[in-house]
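Asker: This is the structure I want to talk about, given as structure tokens.
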Amino acid sequence: MKKIGLFLTLVLYLLTLFLPFSRTISMKTYRQVSLSGWTIVSYHWVTFMILVLLLVLWIRFESKKIKLLLASLISIVLLYFYSLPFQSLQFNDFSVLRNQLPVVLRLELQIGYYLSALMVMMLMTVLFIFPSFFIKK
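For the sequence shown, the numbering used here gives the first residue as 60, with consecutive numbering after it.
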């Protein structure tokens, strides 16, 4: 299980990126369209490649201090990646945020966003807290 556990979990995460992630307005037809996770990744492929590079470095290094630094960098990049659907919204003050955020979370974001975020949280928890579960030493 240790040999294929990480691979299987990463494949499941990549499969969740095929699900609808968020809705947006098409500039050609002015209709609402669903964006999959792959579409968002293709728009921000540099961020995704930085994330992959940090994960590979995290697996390869043995030093606990470097692993802690890489884990915090991975968390920051993931936070940026999952905040991308919110960056187009103009939350100018707290009252606008308080009123519009529940609507955005309920209507704009779709099942793929929540499933992939859940997969990432599970992966991060297992990789950073129980690394021996996936990585054979």
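Beta carbons are placed, not taken as given, at the ideal position from N, Cα and C, and that holds for glycine.
How far does the beta strand (DSSP E) with Val92 in it reach, from first residue to last?
Answerer: Gln91 to Ser95
Asker: Please report how far the alpha carbon of Leu138 lies from the alpha carbon of Arg90, in whole angstroms.
Answerer: 29 Å
Asker: Could you check whether Leu78 and Gly96 sit closer than 8 Å to each other, using their CB atoms as the reference points?
Answerer: yes
Asker: Does the segment 71 to 88 come within contact of the segment 172 to 183, defined as at least 3 CB pairs closer than 8 Å?
Answerer: yes
Asker: Could you tell me which residues DSSP puts in a beta bridge with Arg82?
Answerer: Bridge partners of Arg82: Ser93.
Asker: Within 10 angstroms of its Cβ, does Trp104 collect 16 or more other Cβ (buried), or is it exposed?
Answerer: Answer is exposed; the Cβ neighbour count stays below 16.
Asker: Return helix, strand or coil for Met168, following the three-state DSSP convention.
Answerer: Sequence check: residue 168 is Leu here, not Met. Looking at Leu168 - three-state DSSP - the assignment turns out to be strand.
Asker: Give the secondary structure of Phe120 by DSSP, where H, G and I count as helix, E and B as strand, and everything else as coil.
Answerer: coil
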